[in-house]
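Asker:
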Amino acid sequence: MSKKNYAGIPEKYARLDDAQVVLIPVPYDGTSSWQKGADKGPDAFLEASENMELFDIETRTEVYRKGIYLAPPVTENSSPEKMVEAVHKTTKNYINQEKFVTIFGGEHSISIGTIRAFNEAFPDLTVVQLDAHADLRPEYEGSKCNHACALHEASKTTNLVQVGIRSMDVSELEHMDENQVYFGDDLYENWTEDAIGQMTPNVFITIDLDAFDPSIMPSTGTPEPGGLLWYETLEFLKMIFKKKNVVGFDIVELCPNDVDKSSDFLAAKLYYKMLSYKFKYSNHNPDEDEDE
9 MSKKNYAGIP EKYARLDDAQ VVLIPVPYDG TSSWQKGADK GPDAFLEASE NMELFDIETR
69 TEVYRKGIYL APPVTENSSP EKMVEAVHKT TKNYINQEKF VTIFGGEHSI SIGTIRAFNE
129 AFPDLTVVQL DAHADLRPEY EGSKCNHACA LHEASKTTNL VQVGIRSMDV SELEHMDENQ
189 VYFGDDLYEN WTEDAIGQMT PNVFITIDLD AFDPSIMPST GTPEPGGLLW YETLEFLKMI
249 FKKKNVVGFD IVELCPNDVD KSSDFLAAKL YYKMLSYKFK YSNHNPDEDE DE
């Protein structure tokens with residue numbers, strides 16, 4: 009990966025010392041089991057970001073002015089376990105510098121390291137997982153750090169809320185709290201309020217892009233029909249940022265292709281939207297929403 013500023017922002021907004029946000033790319037695709045290419049995701053995301061307007065219409069903000077430092081990528085790929093250790097160490101380092109830390113993968117196994125770092129840094133953490141797959145296997149293909157195991161550790165050490173799940177192995181049921189799972193085929197009218205009611209004050213969000221329907225996000229390694237759409241997802245995320253202290257997030261599993269760039273751009277817009285919500289609502293009083 010060549011070193012550029014995120015979204016081509018001016019240098020004064022891209023320096024670590026002044027930036028409130030850190031973006032860590034992790035171009036890793038060591039355990040994916042179908043379509044390869046998630047290691048190309050960070051570069052495709054960054055290229056799309058350079059072609060994105062930086063004024064967010066909804067929030068009426070230009071969040072890049074808070075400062076976004078593009079960290080050197082985590083390139084450890086000698087083994088899944090070594091990669092997770094490197095991601096954990098790098099993420100923890102920037103958290104300790106009191107930055108708002110974000111991560112862009114890469115396949116979902118990188119989230120084992122990111123979640124571990126945030127769980128050590130923030131008490132009583134809720135992990136909100138938007139995903140087509142449960143990812144709760146304790147081990148897969150000889151490793152506990154496989155993409156199919158991405159949320160297993162979090163299911164044991166954090167308060168896990170899963171949204172959009174529509175593919176899983178029967179063995180994962182024993183590791184799943186079905187009261188906190190919102191399957192893709194049974195999301196009902198008020199599910200967002202119920203899900204947010206199950207969250208603790210500190211929240212980390214992990215988004216596997218295959219949570220979205222393939223009609224709007226075809227470029228993933230394992231697309232599944234029946235996924236989330238754009239505005240319903242944004243509405244849910246906005247509610248979380250309004251009502252909870254989102255301490256960080258990661259986005260994973262962009263598997264770009266040369267024909268269709270729309271998925272790259274969706275990922276870029278999603279990342280920027282989430283930052284816009286974070287800094288728009290970071291001092292928001294949730295009680296103000298009671299009558300809405």
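Numbering (my numbering), first residue to last: 9 to 300. Idealized CB from N, CA, C, for every residue including glycine.
(1) Using the C-alpha atoms, what's the distance from L278 back to T69?
(2) What is the DSSP secondary structure of G113, counted as helix, strand or coil?
(3) If we call anything under 8 Å between Cβ atoms a contact, is L144 one with E180?
(4) From which residue to which residue does the beta strand (DSSP E) around R239 run?
(5) Taking Cβ positions, are L78 and L31 nearer each other than 8 Å?
(6) Hey, F126 and Q28: beta-carbon distance below 8 Å or not?
(7) If I measure Cβ to Cβ from L242 and keep anything under 7 Å in the same chain, skipping five residues before and after, which residues do I get?
(8) Let's test the definition: count the other Cβ atoms within 10 Å of the Cβ of I17 and tell me whether it reaches 16, buried, or not, exposed.
(9) Could you tell me the alpha carbon to alpha carbon distance between L24 and M225, rounded to whole angstroms?
(10) Are the segment 56 to 73 and the segment 86 to 104 touching by the rule of at least three beta carbon pairs closer than 8 Å?
(11) Output the distance between the C-alpha atoms of Q188 and I213, rounded to the nearest integer angstrom.
(12) If we ignore side chains and look at the alpha-carbon of each, how far apart do R73 and S284 end up?
(13) Give the range of the beta strand (DSSP E) segment to which F212 is assigned.
(14) Would you kindly work out how many angstroms separate the C-alpha atoms of P222 and P233, rounded to a whole number?
(15) Roughly how many angstroms lie between the CA atoms of E106 and H183, to the nearest whole one?
(16) Determine which residues share a DSSP beta bridge with T134 and list them.
(17) What first and last residue would you give for the beta strand (DSSP E) that runs through V95?
(18) Give the secondary structure of L78 by DSSP, where H, G and I count as helix, E and B as strand, and everything else as coil.
(19) Strictly by DSSP, which residues pair up with S151?
(20) What is the residue span of the alpha helix (DSSP H) that L274 lies within?
(21) For K336, count neighbouring C-beta atoms within 10 Å of its own C-beta (all shown protein chains included) and say buried if the count is 16 or more, exposed if not.
(22) Let me know the secondary structure DSSP gives P233 once reduced to three states.
Answerer: So, from the listed chains and residues:
(1) 15 Å
(2) strand
(3) yes
(4) Per the sequence presented here, residue 239 reads as Tyr, with Arg not at that position. Segment W238 to K251 is the alpha helix (DSSP H) holding Y239; no beta strand (DSSP E) there.
(5) yes
(6) no
(7) K281
(8) buried
(9) 32 Å
(10) no
(11) 15 Å
(12) 11 Å
(13) N210 to D216
(14) 6 Å
(15) 33 Å
(16) N167 and V211
(17) Segment P88 to N104 is the alpha helix (DSSP H) holding V95; no beta strand (DSSP E) there.
(18) strand
(19) Y148
(20) S270 to Y289
(21) Nothing can be reported for residue 336: it is not among the residues displayed for the chain, which extend from 9 to 300.
(22) coil
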